[in-house]
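Q:
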Amino acid sequence: MEKSKVYFTDLRVHDGDTLPGKLQRLIRKAGIGKIDFTDQYVAIKMHFGEPGNLAFLRPNYAKAVADVVKELGGRPFLTDCNTLYVGGRKNALDHIDSAYGNGFVPYATGCHVLIADGLKGTDEELVPVKNGEYVKEAKIGRAVMDADVFISLTHFKGHEATGFGGTLKNIGMGCGSRAGKMEMHSAGKPHVDQDLCVGCGKCTRICAHGAAAVNEEIKKASIDHAKCVGCGRCIGVCPKDAVQPASDEANDILNCKIAEYSMAVCQDRPCFHISLVIDVSPFCDCHAENDAAIVPDVGMFASFDPVALDMACVDAVNAQPPLRNSMLGDSVEQHTHEDRDHFGRVSPDTNWKSSIEHAVKIGLGSAEYEIVNIK
Numbered sequence: 028m029e030k031s032k033v034y035f036t037d038l039r040v041h042d043g044d045t046l047p048g049k050l051q052r053l054i055r056k057a058g059i060g061k062i063d064f065t066d067q068y069v070a071i072k073m074h075f076g077e078p079g080n081l082a083f084l085r086p087n088y089a090k091a092v093a094d095v096v097k098e099l100g101g102r103p104f105l106t107d108c109n110t111l112y113v114g115g116r117k118n119a120l121d122h123i124d125s126a127y128g129n130g131f132v133p134y135a136t137g138c139h140v141l142i143a144d145g146l147k148g149t150d151e152e153l154v155p156v157k158n159g160e161y162v163k164e165a166k167i168g169r170a171v172m173d174a175d176v177f178i179s180l181t182h183f184k185g186h187e188a189t190g191f192g193g194t195l196k197n198i199g200m201g202c203g204s205r206a207g208k209m210e211m212h213s214a215g216k217p218h219v220d221q222d223l224c225v226g227c228g229k230c231t232r233i234c235a236h237g238a239a240a241v242n243e244e245i246k247k248a249s250i251d252h253a254k255c256v257g258c259g260r261c262i263g264v265c266p267k268d269a270v271q272p273a274s275d276e277a278n279d280i281l282n283c284k285i286a287e288y289s290m291a292v293c294q295d296r297p298c299f300h301i302s303l304v305i306d307v308s309p310f311c312d313c314h315a316e317n318d319a320a321i322v323p324d325v326g327m328f329a330s331f332d333p334v335a336l337d338m339a340c341v342d343a344v345n346a347q348p349p350l351r352n353s354m355l356g357d358s359v360e361q362h363t364h365e366d367r368d369h370f371g372r373v374s375p376d377t378n379w380k381s382s383i384e385h386a387v388k389i390g391l392g393s394a395e396y397e398i399v400n401i402k
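Quick note: the sequence shown, position 272, residue 299 per our numbering, numbers continuous.
Structural data, given as structure tokens:
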């Protein structure tokens with residue numbers, strides 16, 4: 028099988044050049060112009076950063092990509108789906124506020140922000156997954172599926188559950204609706220924290236299966252798991268965050284489900300993928316903080332193959348020396364043997380290889396790649 032091409036440029040610039048300019052050269056050389064963007068709606072999927080986190084990609088990079096799309100005749104928008112957990116991006120209003128607060132305003136990026144799964148994370152489309160083993164129908168934010176062209180713009184970093192957070196994570200987990208995220212994270216079904224519940228009954232009204240009910244004596248809700256189908260809508264409507272998901276899926280299976288959700292998003296339409304290996308924090312941008320980068324900044328990568336792109340970024344990070352005064356640097360100082368699995372060292376309970384292996388197995392892409400250097 029022919030190796031997939033992954034295009035790379037470093038972060039060196041000279042007078043008259045800029046990093047956004049280098050990113051534009053990179054994606055043009057990588058072949059983004061081969062896609063017919065004329066009058067097409069183009070979803071640029073990225074992470075806007077949880078409020079308090081400063082490792083997320085700067086809006087300048089989003090503008091660079093959006094400007095190229097517009098030059099090619101497309102109509103771009105920036106997008107993400109609401110979070111499963113409680114935070115600054117749980118509903119579309121808070122999510123847009125967070126995006127704007129982190130600089131992703133239309134005046135800065137040249138395009139609008141659309142939260143793909145709607146106000147409460149329930150606006151989804153059921154998408155059959157080609158070759159799906161764990162997921163037969165993925166629950167994807169509707170605006171993502173309404174787009175004619177899909178582009179992922181990823182901040183490559185570590186992740187406490189998946190090992191690393193790269194292109195597959197950005198696509199698969201990022202494009203899942205609230206119910207989709209719960210399906211990936213959970214082997215079980217949601218439950219009610221009785222201490223937080225106020226008995227408002229919103230969960231009972233939205234449940235189509237009669238699984239949620241309020242005990243009128245104690246004014247507390249509960250969920251009958253025999254009736255519950257795990258759609259997650261009750262999580263979205265609860266005003267007190269009392270309805271909580273069961274985050275009990277094994278990390279390897281989580282990675283496999285993410286790969287299958289990525290397949291659902293990418294299958295049967297033009298896609299292009301960009302990954303920036305900068306500010307490689309040990310954990311996800313969903314944290315309301317970011318620890319020091321674990322390795323030096325590497326550069327910018329682009330490819331039509333999301334699997335090869337992730338593999339190239341993993342290899343690039345593992346080739347870097349650990350930075351002192353970081354989680355990885357602290358770990359290396361405590362061990363004498365050489366270990367080039369930086370992500371495994373930072374999060375030893377994870378297995379990042381499972382996402383790559385499963386993505387290859389279901390036909391999403393190839394782990395074999397060839398680097399093409401761009402000045």
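The beta carbon of each residue, even a glycine, is placed where N, CA and C say it ideally should be.
Pick out whichever of Thr36, Gln67 and Lys61 has its Cα sitting closest to the Cα of Arg52.
A: As a working note, residue 52 is residue 25 in the sequence shown. Nearest option by C-alpha distance: Thr36.
Q: Please say whether Thr149 and Gly263 have beta carbons closer to each other than 7 Å?
A: Translated into positions along the sequence shown, residue 263 becomes position 236. Translated into positions along the sequence shown, residue 149 becomes position 122. Yes, these two residues count as a Cβ contact at 7 Å.
Q: Is DSSP giving Ile321 helix, strand or coil here?
A: As a working mapping, residue 321 is identified with position 294 in the sequence shown. Three-state DSSP puts Ile321 in coil, outside helix and strand.
Q: As a quick exercise: from Ile280, Tyr68 and Lys247, pick the residue whose alpha carbon is nearest that of Asn378.
A: The count along the sequence shown starts at 1 and reaches residue 378 at position 351. The alpha carbon of Asn378 has as its nearest neighbour, out of Ile280, Tyr68 and Lys247, the alpha carbon of Ile280.
Q: What is the DSSP secondary structure of Ile262, counted as helix, strand or coil?
A: Here residue 262 refers to the residue found at position 235 when the sequence shown is read from its first residue. Of the three classes helix, strand and coil, the one that applies to Ile262 here is helix, per DSSP.
Q: Compare the C-alpha of Lys90 against each of Ile398, Asn80, Lys72 and Ala82 and name the closest.
A: Residue 90 sits at position 63 when you count from the first residue of the sequence shown. When each option's Cα is compared against that of Lys90, the closest is Lys72.
Q: Mind checking Leu120: buried by the 16 CB within 10 Å criterion, or exposed?
A: Residue mapping note: residue 120 aligns to position 93 of the sequence shown, counting from 1. By the 10 Å Cβ count, Leu120 comes out exposed.
Q: How many Å lie between Ile233 and Ala239 at the Cα?
A: Your numbering for residue 233 matches position 206 in the sequence shown. Your numbering for residue 239 matches position 212 in the sequence shown. Those two C-alpha atoms are separated by around 9 Å.
Q: So, Phe183 versus Cys340, is the Cβ gap smaller than 7 Å?
A: Counting from one through the sequence shown, the residue named residue 183 turns up at place 156. Counting from one through the sequence shown, the residue named residue 340 turns up at place 313. Contact flag set, yes.
Q: Would you mind listing the beta strand (DSSP E) stretches within the region 144-175 that are 3+ residues and don't spill past its ends, in chain order?
A: 151-155 and 164-168
Q: Who are the Cβ neighbours of Arg367 in its own chain at under 6 Å, not counting the five residues just before and after it?
A: Residue 367 sits at position 340 when you count from the first residue of the sequence shown. Within the same chain, Arg367 has close Cβ partners Asn345.
Q: How many Å lie between Lys56 and Phe177 at the Cα?
A: Taking the first residue of the sequence shown as position 1, residue 56 is located at position 29. Taking the first residue of the sequence shown as position 1, residue 177 is located at position 150. One C-alpha to the other measures close to 18 Å.
Q: Determine the direct distance from the alpha carbon of Asp144 to that of Thr110, and round the result to whole angstroms.
A: Mapped onto the sequence shown, residue 110 falls at position 83. Mapped onto the sequence shown, residue 144 falls at position 117. So the two alpha carbons sit approximately 10 Å from each other.
Q: Which value, in whole angstroms, describes the spacing of the CA atoms of Val225 and Ala206?
A: Reading the sequence shown from its first residue, position 198 is the one you call residue 225. Reading the sequence shown from its first residue, position 179 is the one you call residue 206. Each residue's alpha carbon lies about 23 Å from the other.
Q: Does the beta-carbon of Val241 have 16 or more other beta-carbons within 10 angstroms, so that it is buried, or is it exposed?
A: Indexing the sequence shown from 1 puts residue 241 at position 214. Burial call: buried.
Q: Which two residues bound the contiguous beta strand (DSSP E) that contains Pro78?
A: Within the sequence shown, numbered from 1, the residue matching residue 78 stands at position 51. Membership of Pro78 in any beta strand (DSSP E) is not indicated, and neither H nor E is assigned to it by DSSP.
Q: Give the C-beta separation of Val113 and Met290 to the nearest angstrom, bearing in mind that I take them to be a contact with Cβ-Cβ under 8 Å.
A: The residue labelled residue 113 in the question sits at position 86 within the sequence shown. The residue labelled residue 290 in the question sits at position 263 within the sequence shown. Not a contact, Cβ separation roughly 29 Å.
Q: Would you call the region 345-359 and the region 243-251 in contact, with 3 or more CB pairs under 8 Å?
A: no
Q: Where Asp66 and Gly101 are concerned, what is the direct C-alpha to C-alpha distance, given to the nearest angstrom?
A: Mapped onto the sequence shown, residue 66 falls at position 39. Mapped onto the sequence shown, residue 101 falls at position 74. In this model, Asp66 and Gly101 are separated by some 5 Å (Cα to Cα).
Q: How is His41 classed by DSSP in three states: helix, strand or coil?
A: Locating residue 41 in the sequence shown gives position 14, where the first residue counts as 1. Residue state, collapsed to three classes: coil.
Q: Quick check on the burial criterion: 16 or more other C-beta atoms within 10 angstroms. Buried or exposed for Gly5?
A: This structure cannot settle anything about residue 5, because the visible part of the chain is limited to 28 through 402.
Q: Going along the chain, which unbroken runs of the alpha helix (DSSP H) with 4 or more residues stay wholly within the region 38-119?
A: 46-56 and 86-98
Q: Leaving aside the five residues before and after Ala70 along the sequence, list all residues of the same chain whose C-beta is less than 6 Å from its C-beta, in chain order.
A: The residue you call residue 70 lines up with position 43 of the sequence shown. Thr106, Val171, Ala174 and Phe177, listed in sequence order.
Q: Under 6 Å: does the beta carbon of Gly115 sit that close to some heavy atom of the ligand NAP?
A: Looking at this structure, you won't find the ligand NAP or any other ligand, since it has none at all.
Q: Note down, in chain order, each residue of its chain lying with its Cβ closer than 6 Å to the Cβ of Glu98, except the 5 sequence neighbours on either side.
A: The residue you call residue 98 lines up with position 71 of the sequence shown. Here the set comprises nothing.
Q: Please classify Val341: does DSSP put it in a helix, a strand, or coil?
A: What you label residue 341 is simply residue 314 of the sequence shown in a count that begins at 1. Three-state DSSP puts Val341 in a helix.
Q: Of all Cβ atoms in chain B, is any one closer than 7 Å to the Cβ of Pro348?
A: Within the model displayed, chain B is absent; a lone protein chain is all it includes.
Q: Quick one: give me the first and last residue of the alpha helix (DSSP H) that Leu195 is part of.
A: What you label residue 195 is simply residue 168 of the sequence shown in a count that begins at 1. Counting along the chain, the alpha helix (DSSP H) containing Leu195 begins and ends at Thr194 to Cys202.
Q: Thr363 to Val373, Cα distance in whole Å?
A: Walking along the sequence shown from the start, residue 363 turns up at place 336. Walking along the sequence shown from the start, residue 373 turns up at place 346. Reliability of the predicted coordinates at Thr363 is poor, the pLDDT of 46 falling under 50, and the value obtained from them is presented with this limitation in mind. Rounded to the nearest angstrom, the two C-alpha atoms are 15 Å apart.
Q: For Gly128, name the three-state secondary structure that DSSP assigns.
A: To locate residue 128, count along the sequence shown from 1; it is residue 101. Three-state DSSP puts Gly128 in a helix.
Q: Using the three-state DSSP reduction, which class does Glu287 fall into: helix, strand or coil?
A: Taking the first residue of the sequence shown as 1, we reach residue 287 at position 260. Glu287 falls in the helix class under three-state DSSP.
Q: Within the continuous alpha helix (DSSP H) that includes Phe370, where are the two ends?
A: Here residue 370 is taken as the residue at index 343 of the sequence shown, counted from 1. Segment His369 to Val373, the alpha helix (DSSP H) holding Phe370.
Q: So for Ser308, helix, strand or coil by DSSP?
A: Within the sequence shown, numbered from 1, the residue matching residue 308 stands at position 281. In the three-state scheme derived from DSSP, where H, G and I count as helix and E and B as strand, Ser308 is classed as coil.
Q: Using only the alpha-carbon positions, how far apart do Ala315 and Gly115 sit?
A: Within the sequence shown, numbered from 1, the residue matching residue 315 stands at position 288. Within the sequence shown, numbered from 1, the residue matching residue 115 stands at position 88. Ala315 and Gly115: Cα-Cα distance of roughly 9 Å.
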